[in-house]
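Just remember that this note's numbering sits 52 ahead of the position in the sequence shown, which is counted from 1. Each residue gets a CB set at the ideal place from its N, CA and C atoms; glycine is no exception. This structure is a prediction, so every number in the text was calculated from the model and none was measured. Okay, so here's the structure we're looking at.
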Amino acid sequence: MPLNLQALIRSVLSRPRPNQSLANFSTLQNAEPTKYPPEKGLVVSFLINSCGLSPKDAVAASKKVHFDSPGKPNDFLGVLRKQGFTEPQISRIVRAEPKLLTWSAEKFILPKIQFFRQSLVGVSEKDVLDTVSRFPCFLTSSLEHKLEPNLDYLKNLVGPKTTETLFRKGSRALFRFDLTNKVIPNMNHLQEIGVPPAFLKLSLFQCVGIFSLEPNEFKKLAQNVREMGFDPSKSMFVLALHALSGKACLALWNKCYQVYQKWGWSRDDILSAFMKHPNCMLCSEKKVTAVLEFVVRELGREARVVARCPSIIFYSMERRIVPRCTLVRDLASKGLVKKDWVLTSVLSLTEKDFMRKYVVRFAQEAQGLCGTYALREKNVAFFKLIS
């Protein structure tokens, strides 16, 4: 590779990045709240000065909590600080669940923190506090009726490590769902019809909402999905369950259907794509439109090509689809690769393999194109390959 391009790449990669560190946390001692009812003055001031909320957030939170003196809220904050919560974490908890300020932390909060510390041996104390602050619903859930039984059940079903991962992700299966009347019957039905353990785990991570369905409704849905041709022993079965469950999912399904039709997909195209990857019917209208528009207008392909491999839709436009496809399209225009290159072959490669196959390989013949791609990505892997 010519020395000047290599030097240019080295120069770009060695440039210091802008300081992206977060500003230090500070409370707004003298902030003037926006408009709020006079009777909320004490609450709003407390939320700003003692909890670190912005005036706007404080006013919003004050609608969900009321107290006439700061005694109990101060006690609550004191317990959190004693347990090791940082000020930003406390602000996050109060912003999401302001009603907790009026709870007895010793009685309702401390036992839950201790329970997580003792029951999740693979989760560090720091991670427990961070997770609880990101998902304060853990603190509002019943320890006796939700957290303890749900955690024990999941440990037995998928093992301690997977349960710990579910905790870190704030899974609703841990703190919201009705274990006895919904989760267990629905999970048992999946096992009865042949869903393997690996895909039971998948369901807890990617489509946990299906376990909020009533058992009879769940069984009917599972039967409908089987009749569509989905095999319970395959991962797509649980994804199809998710895509067809609940009003929110069905609303997305209908919106996606309309968007695909707008771009020329037939009913068979849509159903075929759904069979290959059910989640293609749960994408945002904006994302689907962006992908199809790029494929049609920038790559000159038919929109229906995406129906043959809908997984394309799930790649990042900014980080993968646009930079990779633009490079390969331009290489094809120079006759360096076939004009009928396959979208999925280009997009499914790991970054390292893509760099070797298209960037390093054509670094001499298309210096500008390949160099631009590497610089755009500030790709350290590429620099190592050519050094």
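Rounded C-alpha distance that separates residue i from residue j
i	j	result
Leu80	Pro201	Since pLDDT at Leu80 reaches only 36, below the 50 mark, its modelled position is unreliable, and the value read off the structure follows with that caveat. Distance between the alpha carbons of Leu80 and Pro201: 41 Å.
Val311	Thr341	7 Å
Gly104	Lys213	35 Å
Arg361	Trp393	Looking at the sequence itself, residue 361 is Cys, so the reference to Arg does not match. Each residue's Cα considered, the two are about 14 Å apart.
Asp283	Phe289	6 Å
Pro150	Asp179	22 Å
Glu84	Pro188	Residue placement at Glu84 cannot be trusted, given a pLDDT of 48 that sits under 50; what the coordinates show is reported in the next sentence. Approximately 27 Å between the Cα atoms of the pair.
Gly316	Ala303	21 Å
Ile161	Lys92	25 Å
Trp305	Phe257	20 Å
Tyr425	Val411	8 Å
Arg147	Thr378	43 Å
Leu351	Glu279	37 Å
Arg186	Phe137	12 Å
Ile100	Ala157	20 Å
Arg371	Tyr309	26 Å
Arg353	Gln170	56 Å
Leu203	Trp155	24 Å
Glu417	Ile245	56 Å
Pro249	Ser287	11 Å
Gln243	His329	22 Å
Arg356	Asp109	46 Å
Leu252	Gly281	19 Å
Val348	Thr217	40 Å
Gln135	Ser106	24 Å
Lys314	Val343	14 Å
Ser397	Ile142	47 Å
Asn208	Asp127	37 Å
Ser102	Glu177	24 Å
Ala292	Phe229	21 Å
Gly420	Ser255	46 Å
Glu337	Ile236	35 Å
Leu94	Lys159	25 Å
Phe366	Met327	16 Å
Val247	Lys307	29 Å
Glu403	Phe98	50 Å
Cβ pair residue i, residue j closer than 9 Å
i	j	result
Val260	Arg224	yes
Leu129	Lys164	no
Lys271	His241	yes
Leu265	Gly222	no
Val175	Phe227	no
Arg381	Phe406	no
Thr192	Leu152	yes
Val358	Leu395	yes
Asn276	Leu296	yes
Leu231	Tyr205	yes
Lys409	Leu401	yes
Thr183	Phe167	no
Residue i classed as buried or exposed, judged by whether at least 16 other C-beta atoms fall within 10 angstroms
i	result
Asp321	buried
Pro140	exposed
Cys422	buried
Asn238	buried
Ser368	exposed
Ala325	buried
Asn331	buried
Val173	exposed
Arg144	buried
Phe119	exposed
Thr215	buried
Gly211	exposed
Lys198	buried
Pro125	buried
Ala300	exposed
Ser121	exposed
Ser285	exposed
Ala274	buried
Asn82	Note that Asn82 scores a pLDDT of 42, beneath 50, so its modelled location is shaky; the value from the coordinates is reported in the next line. So Asn82 counts as exposed.
Ser114	buried
Ser385	exposed
Whole-angstrom C-beta distance between residue j and residue i, which should lie under 8 Å
i	j	result
Ile364	Leu334	Not quite, the Cβ-Cβ distance comes to about 15 Å (not below 8 Å), so this is no contact.
Val96	Val111	6 Å
Phe346	Ile373	7 Å
Phe190	Lys234	Not confirmed; about 19 Å, so no contact.
In chain order, each beta strand (DSSP E) run of at least 3 residues that lies wholly inside the region 211 to 299: none
Segments assigned alpha helix (DSSP H), at least 4 residues, entirely inside the region 343 to 412: 374 to 385, 395 to 399, 403 to 406
Inside the region 108 to 144 only - alpha helix (DSSP H) runs reaching at least 4 residues: 123 to 135
Uninterrupted alpha helix (DSSP H) stretches inside the region 151 to 184 (no shorter than 4 residues): 162 to 171
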